[in-house]
Amino acid sequence: MFGKGKGGRGKKSTTSSAKAGLQFPVGRIGRYLRQGKHASRMGAGAPVYLAAVLEYLCAEVLELAGNAARDNKKSRIIPRHITLAVKNDEELNKLLGGVTIASGGVLPNIHAVLLPKKSSTK
């Protein structure tokens, strides 16, 4: 009488990333936090919070770099586009101020003193 149905078979496990609605791996970040010996104890929400912050920062940089790539009429993001995106955004520039991006180059900038003087001929 009780043996009807499939029971608990075939139940797919849900990842903690899916539960949190994130793309970044919550379990892997939690494992890195535990293995890193950053603290003797760690709350259950710590890797979820860190994964959400990292995912937001990544999405922000990718969006701005995609805009920079589109401005340069390119379909792929290269390190130059990431550099332009970070340096032109005030908050990201403050966060990543001391970071060097390989093959990123510098912002195009010519000091006003070096520009030729405009002669007014009337």
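For what it's worth, the working numbering labels the leading residue of the sequence shown as 1267, then goes sequentially. Glycine residues also receive a C-beta, built at the ideal position from the N, C-alpha and C atoms.
Practice prompt. Please classify Leu1323: does DSSP put it in a helix, a strand, or coil?
Written response: Position 57 of the sequence shown holds residue 1323. Leu1323: helix per DSSP, three-state reduction.
**Study point:** Proximity of Gln1289 and Ser1283 at Cβ, strictly below 8 Å
**Key:** Residue mapping note: residue 1289 aligns to position 23 of the sequence shown, counting from 1. Residue mapping note: residue 1283 aligns to position 17 of the sequence shown, counting from 1. Here Gln1289 is near Ser1283, since their CB atoms are less than 8 Å apart.
My assumption, with CB atoms under 8 Å, is that Ala1317 sits in contact with Ile1344. Please give the rounded CB distance. For the purposes of this step, residue 1317 is identified with residue 51 of the sequence shown, where counting begins at 1. For the purposes of this step, residue 1344 is identified with residue 78 of the sequence shown, where counting begins at 1. The C-beta distance from Ala1317 to Ile1344 rounds to 27 Å, too long to fall under 8 Å, and the pair is not in contact.
- prompt: Is the beta carbon of Thr1349 sitting closer than 8 Å to the one on Gly1370?
  reply: To locate residue 1349, count along the sequence shown from 1; it is residue 83. To locate residue 1370, count along the sequence shown from 1; it is residue 104. Yes, the Cβ-Cβ distance between Thr1349 and Gly1370 is below 8 Å.
Fill in: Reduced DSSP secondary structure (H/G/I, E/B, other) of Ser1283
Taking the sequence shown and counting its residues from 1, one reaches residue 1283 at position 17. Three-state DSSP puts Ser1283 in a helix.
Practice prompt. Starting from Arg1346, trace the alpha helix (DSSP H) both ways and give me its first and last residue.
Written response: Taking the sequence shown and counting its residues from 1, one reaches residue 1346 at position 80. Where Arg1346 is concerned, the enclosing alpha helix (DSSP H) starts and stops at Pro1345 to Asn1354.
In angstroms, rounded to a whole number, what distance separates the CA positions of Gly1276 and Leu1323? Against the sequence shown, residue 1276 aligns to sequence position 10. Against the sequence shown, residue 1323 aligns to sequence position 57. Cα-Cα distance, rounded: 36 Å.
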